[in-house]
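Notes to accompany the following structure.
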Amino acid sequence: AIELLKSLKKHLRYRELRDIFNLPPPIIWRYIQGEVLPSPDRANEILNTIISKKVTKRIIEKEIEVYNGVVATYKIIYKPSLLKLIGYEAYIKFKDLEPTAIVTAEVDGIPVALAIADYFDAKVAIAKRRKEVGFRTYIEYSYLSHEPPSITTLYLPSTLITRKDKVLIVDDVLRTGRTLRALIYLTKRTGASIVGVFSVIAVGSRWHYLTDEVKRIEIIHQVEREFPLHLGSSHTY
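Just so you know, this note's numbering puts the end of the sequence shown at 241, numbered straight through with nothing missing.
If you want it as structure tokens, here you go:
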């Protein structure tokens, strides 16, 4: 609870924390400074409030930006303090399913996957757009990216995930669902079971067809408007 309070303080003022947790700022300050430890009941209350009041979502709404139709996540997924909160959100949503492996695609899904894996003590497998030295065999999947039009191929080392694994598939932004669909295919090829999909942000509704392939899809923040992507953009989803 204290670590998450420290993370929250990097994004919120003491008066905002007071309103969220209904605690005097001096008490919150002592918790953050380590001068006083919250009781077990108070610690649980703090953790529950972070989820029930959607505090992480509130911060993401403040940080999210859109450039030329691209949802910019740099200020979100490359801040360790916010990643701790994102990881905790994913942990609460999927702890009942006990994932043993986190699968994501390079590049921006990696910090999110690592943050989540830390909570579950799970391994991380990254699907990349090229084969790397150190692995002999790969599972691969190619799909069409429309912005700009191109064929994208993802490679997942075949030995990273086993049939015994329970996999949580993770990404930073969910828009068309093409990347997530590729990750679903790659994971199924390993024989592992998929417990769900987690994304920090979802844009529009074109990805909804994935609900036919995965039982549980959880997101933190939904951007309702579908922004047109400019061909100069290099970010695909």
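Built from N, CA and C at the ideal position, the CB exists for glycine as well.
Three or more beta-carbon pairs separated by less than 8 Å link the segment 130-140 to the segment 104-122, which places the two stretches in contact. Cβ contact annotation for Ala186 (same chain, cutoff 6 Å, sequence separation greater than five): Tyr145, Tyr147 and Leu158, in chain order. Fewer than three beta-carbon pairs drawn from the segment 31-42 and the segment 58-77 are found closer than 8 Å, and the two stretches are therefore not classed as touching. DSSP, reduced to helix, strand and coil, places Val40 outside both helices and strands of the structure shown, so it counts as coil. Residue environment analysis places Glu65 among the exposed positions, since fewer than 16 neighbouring C-beta atoms fall within 10 angstroms of its C-beta.
DSSP lists Leu172 as the beta-bridge partner residues of Gly200. Going by DSSP, Ile64 is part of the alpha helix (DSSP H) stretching over Val59 to Glu67. Closest option to Asp122, judged by alpha-carbon separation, among Tyr95, Gly200, Ala196 and Asp175: Tyr95. Residue environment: His15 is assigned as buried (16 or more neighbouring CB atoms within 10 Å of its CB, all protein chains considered). Taking a contact to require three or more Cβ pairs closer than 8 Å, the segment 218-228 and the segment 199-209 qualify as touching.
Per the DSSP secondary-structure output, His225 pairs in a beta bridge with Ile205. Secondary structure at Glu144: strand, using DSSP grouped into helix, strand and coil. Take Lys88, set aside five residues on each side of it, and the residues of its chain with a beta-carbon closer than 8 Å to its own are Glu7, Leu8, Ser11 and Ala119, in chain order. Beta bridge pairing from DSSP links Pro161 with Tyr142. Between Phe124 and Thr163, the gap from beta carbon to beta carbon reaches 8 Å or more. In this structure Ile205 is not in contact with Val174, their Cβ atoms being roughly 12 Å apart against a cut-off of 8 Å. Straight through space, the alpha carbons of Leu51 and Phe98 are spaced by roughly 16 Å. The residue from Phe25, Ala5 and Lys192 with its alpha-carbon nearest to that of Lys57 is Phe25. For Ala186, the enclosing alpha helix (DSSP H) covers residues Arg182 to Thr194. DSSP places Val107 inside the beta strand (DSSP E), whose first and last residues are Ala105 to Ala109.
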